[in-house]
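Sequences listed follow chains X, R, Y and G, in order.
Our numbering numbers the first residue of the first sequence as 1 and each following residue consecutively.
Our numbering numbers the first residue of the second sequence as 1001 and each following residue consecutively.
Our numbering numbers the first residue of the third sequence as 2001 and each following residue consecutively.
Our numbering numbers the first residue of the fourth sequence as 3001 and each following residue consecutively.
Even for Gly, the Cβ is constructed at its ideal location relative to N, Cα and C.
First comes the structure, then the notes that go with it.
Number of protein chains: 4
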Amino acid sequence: MPQPPSKPVHVAILGGTGYTALELIKILLRHSGVTITAVTSRTEQKPIGQVHQSLASRLELKLEDLGPKQLAERADCVFSCLPHGVTAEIVPELLAAGLKIVDFSADYRLDDAATYQEWYDHKHPDPTRLGKVVYGLPELFGPQIRGANLVANNGCYTATAILSLAPLVKAKLIEPQDIIIDAKSGVSGAGRSAKQNLLYCECNESLSAYGVGKHRHTPEIEQIIGRFTGTPIEVIFTPHLVPMDRGILATIYSKPTRAVTQTELLAHFREFYQPHPFVTIVDHLPATKDTSGTNFCHITARVVRGRILTITSLDNLIKGASGGAVQNFNLMYGFPETMGLL
Amino acid sequence: MPQPPSKPVHVAILGGTGYTALELIKILLRHSGVTITAVTSRTEQKPIGQVHQSLASRLELKLEDLGPKQLAERADCVFSCLPHGVTAEIVPELLAAGLKIVDFSADYRLDDAATYQEWYDHKHPDPTRLGKVVYGLPELFGPQIRGANLVANNGCYTATAILSLAPLVKAKLIEPQDIIIDAKSGVSGAGRSAKQNLLYCECNESLSAYGVGKHRHTPEIEQIIGRFTGTPIEVIFTPHLVPMDRGILATIYSKPTRAVTQTELLAHFREFYQPHPFVTIVDHLPATKDTSGTNFCHITARVVRGRILTITSLDNLIKGASGGAVQNFNLMYGFPETMGLL
Amino acid sequence: MPQPPSKPVHVAILGGTGYTALELIKILLRHSGVTITAVTSRTEQKPIGQVHQSLASRLELKLEDLGPKQLAERADCVFSCLPHGVTAEIVPELLAAGLKIVDFSADYRLDDAATYQEWYDHKHPDPTRLGKVVYGLPELFGPQIRGANLVANNGCYTATAILSLAPLVKAKLIEPQDIIIDAKSGVSGAGRSAKQNLLYCECNESLSAYGVGKHRHTPEIEQIIGRFTGTPIEVIFTPHLVPMDRGILATIYSKPTRAVTQTELLAHFREFYQPHPFVTIVDHLPATKDTSGTNFCHITARVVRGRILTITSLDNLIKGASGGAVQNFNLMYGFPETMGLL
Amino acid sequence: MPQPPSKPVHVAILGGTGYTALELIKILLRHSGVTITAVTSRTEQKPIGQVHQSLASRLELKLEDLGPKQLAERADCVFSCLPHGVTAEIVPELLAAGLKIVDFSADYRLDDAATYQEWYDHKHPDPTRLGKVVYGLPELFGPQIRGANLVANNGCYTATAILSLAPLVKAKLIEPQDIIIDAKSGVSGAGRSAKQNLLYCECNESLSAYGVGKHRHTPEIEQIIGRFTGTPIEVIFTPHLVPMDRGILATIYSKPTRAVTQTELLAHFREFYQPHPFVTIVDHLPATKDTSGTNFCHITARVVRGRILTITSLDNLIKGASGGAVQNFNLMYGFPETMGLL
């Protein structure tokens, strides 16, 4: 297990204009083991306080367009908030330059290049590395994350689904091919690009499903959960856009392999997540607001008419992205897992 | 079929302080065949413009506490927005006084008193009438509504679920006991009582499931859909509270009895609802905003991994309550079905 | 005064993709004296139900790119929702083709070309017509609107400010150069273009001032109010963006020329607006929700520490735009002023 | 100046069921110099994770009904979130028991008992202490706070107004009796009591003024600003309720005593707040979201038509309440001012 460094780790953030980068910066500003030394953008070269007004006077850096070499001079570790496709094109150089990487994109999450190409519509730029990169969900892959130089940080829906399902699948408590994930997310999950469908007056006072049967988190969920069982997993995953900034609630319907009770399920989940500070099993029905602005994930379970319902809440930008990333970073560097995150 | 009356129908609204009464009044103010002659309340006796500020200068009536006799003097028909339990205690008197009734409560929706008592926790006050009252969903029970004196107006979630499922059940396209209804509603569905869990700061920026496995619309959905098949229906119904004023979106997962395609499903729904002006089958995924403030219901269907998904949007206060009530009223009195509702 | 036409007026809507056009269509669909015969767009040529999903099955028209001649073949009257600049380039042709026009843009609201150029940053394309076009606020300019072929429909903030101030200025009750208009608007006022600052996650849970000292409604307010007095008007106008779809609330601070009481002010406003069905003087403090979705404007007044406060609420898309436009249209064609608007 | 204690300060929170208590707990959980030893409530005796679900697994305390003696056994310092009236009845006992107090109520903010009685409608229970308690706005009264045992934490609107106006009044840059404060607040400022006017469906999509000319923060603003000048201050203060959880934006209109420019004003504000880490002077127009969830206050200034506009944003629950309280606590105990607050 790595020892925490004696001096602050210098970190750079790639792709600093979006919402996950903003949350990441806010967390890192509270992390006593970190100094942010660079924030990059290909499009903006303004002071960061102009791009994210909430950082005015809190982080005196300009956005810069930096290459791998320059990054390696400034930083020990990069958090990459770049989009998929772009990321896998620079990761090899960043690793070669000696940088550690927490990657927010989907580029290293899937194990094989064919599945990647099927769901992301382009050839993977760095296929040989696929299948060897640890999936950055610390509750499930903590030991592998500790030694890693490159971590494929989880997606937001996927974290919610996997944390809800892994304890059931691992204990062979549910049928692996009859799983329905009805998930609801705040709008920040869709990013900060100027698109008409993300305008305030389009999203506000409205709720809709999207990407039905086609959302890219589907294969990611199936692959990761599949590791805990011998049988292929099949899920129906239906994401919905909810008029709120942040938060995901997933209501997941699965079929038990034997009769179970709510009490038994809650006890099983509690035991499974007992060592993990950020997953809380609750008796009540969780609301997204309960976990909003935090790195916590709240899970409960019910049995209704012979089906198991798991209902799970987390903050898509924090536990589902930037908070989870810092949790990974803490493990990579030997910091306490909760550092900067409470 | 009744002939439209030559003079405006005098209507009274019972229980006028809540959100469904407000929507009802707004619709009736646009209905040229109606004069609102009384609005009642047991608790408030103020001008209605003080209880509903949006009605200031639009309806010059005071809320009054009126008995059946007084109501019969003032009105031909009552829309009752009273809560369940209370309603069935006065309906017999109202009918005896010669009034027609559109009842918003659940009191006459279920067919038997035992089921009512099981779900509503009290003995039904008027059990002999149960099973003889028409269920007020005009797309399905139009002919019976036309001659009725008492109509049990549908619930909001139930309208959404039944309109989505009836065409499938009737055509025996789905298994009757493997149906999951994941429904999401705006907060107005919970009424206007001062409860902490309905405060702005509790609901805003938050989404949660509630009443899991216990919501009172469950037996109503099962009973009504069950009429279209020989087999008992079993649904898992999970309502969610969404941070928006109004609108319901239901994402419904069912198991086809044979292979079907999306194209076939959409064609089937289009044919089924072809005569009905307020149900629109859409190719795209509907948003609650598309039907908000209207009496329209938008439905689409998808096939994902061997399951049928129907995704349906309507306004809980209008198509799910007050608009549907006026649609029933129009049929009862021989007005055009769409009168006041376009 | 014009007589209402015996056959439905054929109307075309220019620039049909935005929010004001959508509201206009919804109102006109309820107006029994109108048939919508065309909706234009320079950028989209889709069925209107795809551009505005809420119109699916309600209006079976395709957006088209039509010139003045084609418009004149199809329509008697056009409602133009085109932006400023573009509008004044086609209005002369539309008038020449015999069309009546209700213009939503600012192009014909100001009386002189120099002021227009100063605030709108380009030369006016049709300067000779300026100063001769009636300002489309029916409560103040009804008689002139009745005979008009071209009406410059009011802006949303301007309607709010002018309705609040005209009774005071006309009666010389306030100092004409010490007026502060602190106005708050829902986001729909900013239109439907894909701009980052209008994204849901930028606007939601946030409130900010914008255009301080520079908003283009300033000269419009000053010019119109100025007509009721001999002295030039000077206002400080501060608009704010509020996280809600629609509604404007203006809190206006002015200095009385003599001691006045709240009672006196409310009586004065009531008398002033007595003949006008859509302006309601209320004793309570109005909320935007009270007028939301309606063509009504609620006004109250207070006296605080020697200043008059008028607090006014209206729906920016309806009374502030499309509802007011139909009110103008009704006057132009001799329909009852409230037709389609209750 | 006090030295930071060598062991964590034991703190108790009085009145733990509301929103300010929740924010306070979240901040204190991050403060390494503090242990929360008790949270009280007169009405609830549940685990705190049931009253505030977001604290589940984060703070394992039960709400208790504790008297001054019990509090003194458990704690060194209390943060009192009790309402006005109640607070001043127990503060003497708490002080006598040796506790330090940060008081969130208004009970010790005003200097004289008559003004208190006029605005709060009851006789002050502890009048002799009035006028001797330091006002807890650290940017203005830091030195007096450092030695204090009892601090009257500022109100939320008052902090916003005072931080905006103090630099102007102190430098005699504005007329002291021609100040208009048009303030807009999120709904959390109104507390967590179950009142109909605070329901989601009443507040959402709505904006209104309230307490016009009567809000209790008026005398507080006037008294505190008045200390910086010889002349009595008179403000018109108009609060508005905005559909968002949190945040205050104040747009303040004042009359300069001499010609000033925006540049000069911004420089003056920057110099005034240069030593203070939580007040940031910005060039742009601040949004409430920029300061939401933080202890920062953003201020800008403009000159429009001979008036000064200051536009100021802060989080009502943090800088306006619980964050400011911890800032006071830090000064009282000799901790770094920013501890727990970045």
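So what does DSSP say about residue i, is it helix, strand or coil?
i, result
"G/Pro3127", "helix"
"X/Leu207", "coil"
"Y/Lys2255", "strand"
"G/Phe3237", "strand"
"X/Asp137", "In the sequence as presented, Asp is not what sits at residue 137 of chain X; that position holds Leu. Coil at X/Leu137, not helix or strand."
"G/Ala3194", "coil"
Please determine, among the options, the residue with the shortest C-alpha to C-alpha distance to residue i.
i, options, result
"Y/Arg2155", "Y/Leu2241, Y/Ala2056, Y/Leu2137", "A small fix is needed here, since residue 2155 of chain Y is Gly in this sequence, not Arg. Residue Y/Leu2137 is the option with its Cα nearest to Y/Gly2155."
"Y/Leu2168", "Y/Ala2152, Y/Arg2270, Y/Ala2183", "Y/Arg2270"
"G/Ser3292", "G/Thr3020, G/Ser3313, G/Arg3307, G/Gln3274", "G/Ser3313"
"Y/Leu1959", "Y/Arg2307, Y/Ile2221, Y/Thr2087", "No answer is possible for residue 1959 of chain Y: it lies beyond the span of chain Y, which begins at 2001 and ends at 2342."
"R/Ser1054", "R/Gly1018, R/Ala1038, R/Glu1073", "R/Gly1018"
"R/Ile1281", "R/Lys1289, R/Ala1287, R/Val1326, R/Ala1301", "R/Ala1301"
"X/Ala21", "X/Ile48, X/Pro2, X/Lys7", "X/Ile48"
"Y/Ala2166", "Y/Gly2016, Y/Ser2057, Y/Ile2224", "Y/Ile2224"
"R/Gly1131", "R/Asp1111, R/Phe1141, R/Leu1014, R/His1124", "R/Asp1111"
"X/Ser6", "X/Gly247, X/Thr35, X/Ile236", "X/Thr35"
Are residue i and residue j touching if we call contact CB-CB under 9 Å?
i, j, result
"Y/Ala2161", "Y/Ile2181", "yes"
"Y/Val2134", "X/Asn204", "no"
"X/Ser41", "X/Leu63", "yes"
"Y/Ile2311", "Y/Ser2254", "no"
"R/Asn1149", "R/Gly1324", "no"
"X/Val11", "X/Asp65", "no"
"X/Val242", "X/Ser322", "no"
"G/Leu3317", "G/Glu3089", "no"
"R/Phe1296", "Y/Ser2057", "yes"
"X/Glu93", "X/His276", "no"
"G/Lys3170", "G/Thr3229", "yes"
"X/Met332", "X/Val78", "no"
"Y/Ile2025", "Y/Val2009", "no"
"Y/Val2304", "G/Gly3213", "yes"
What residues from chain R crowd round residue i, counting only those whose CB sits closer than 7 Å?
i, result
"X/Pro213", "Correcting the residue type first, residue 213 of chain X is Gly in the shown sequence and not Pro. Those are Arg1302, Val1304, listed as they occur along chain R."
"G/Tyr3157", "Correct list: empty, because the minimum Cβ distance to chain R is about 17 Å."
Please list the partners that residue i has in chain Y, where partner means a Cβ-to-Cβ separation under 8 Å.
i, result
"X/Cys77", "Simply none; closest approach about 27 Å."
"G/Leu3285", "Ser2208, Ala2209, Tyr2210, Val2212"
Whose Cβ in chain G lies nearer than 8 Å to the Cβ of residue i?
i, result
"R/Ala1250", "Simply none; closest approach about 20 Å."
"X/Asp406", "Given that chain X is displayed from residue 1 to residue 342, the structure contains no residue 406 of chain X and the question cannot be resolved."
Which bits of chain X does residue i rub up against, with CB to CB less than 9 Å?
i, result
"R/Ile1180", "Ile180, Asp182, Tyr253, Arg307"
"R/Tyr1120", "Chain X residues near R/Tyr1120: none, gap ~20 Å exceeds 9 Å."
"G/Val3282", "Gly49, Gln53, Ala56, Ser57"
"G/His3268", "Per Cβ cutoff of 9 Å: no residues; G/His3268 is ~17 Å from chain X at best."
List the residues of chain X that residue i touches, going by C-beta distances under 7 Å, in chain order.
i, result
"Y/Lys2195", "Ala194"
Name the chain R residues that come within less than 9 Å of residue i, Cβ to Cβ?
i, result
"X/Pro176", "Simply none; closest approach about 13 Å."
"G/Val3187", "Leu1199, Tyr1200, Cys1201, Asn1204"
Strictly below 8 Å CB to CB, what residues from chain X border residue i?
i, result
"Y/Glu2205", "Asp245"
Unbroken stretches of the beta strand (DSSP E), 3 residues or longer, contained in the region 301-341 of chain X = You should have 307-314.
task = Please specify which runs of the beta strand (DSSP E), each continuous and at least 3 residues long, are wholly inside the region 149-187 of chain X, giving them in chain order.
result = The qualifying runs are 150-153, 174-185.
request  = Could I get the ranges of all uninterrupted alpha helix (DSSP H) runs contained in the region 3021-3051 of chain G, with 4 residues as the minimum, in chain order?
outcome  = The region 3021-3051 of chain G contains these whole alpha helix (DSSP H) runs: 3048-3051.
task = Jot down the residue ranges of each uninterrupted beta strand (DSSP E) in the region 3050-3087 of chain G, minimum 3 residues, whole runs only, in chain order.
result = Inside the region 3050-3087 of chain G, DSSP marks whole beta strand (DSSP E) runs of 3 or more residues at positions 3077-3080, from first to last along the chain.
message = Could you tell me which whole beta strand (DSSP E) segments of length 3 or greater appear in the region 89-135 of chain X?
response = Here the runs fully enclosed are 100-103.
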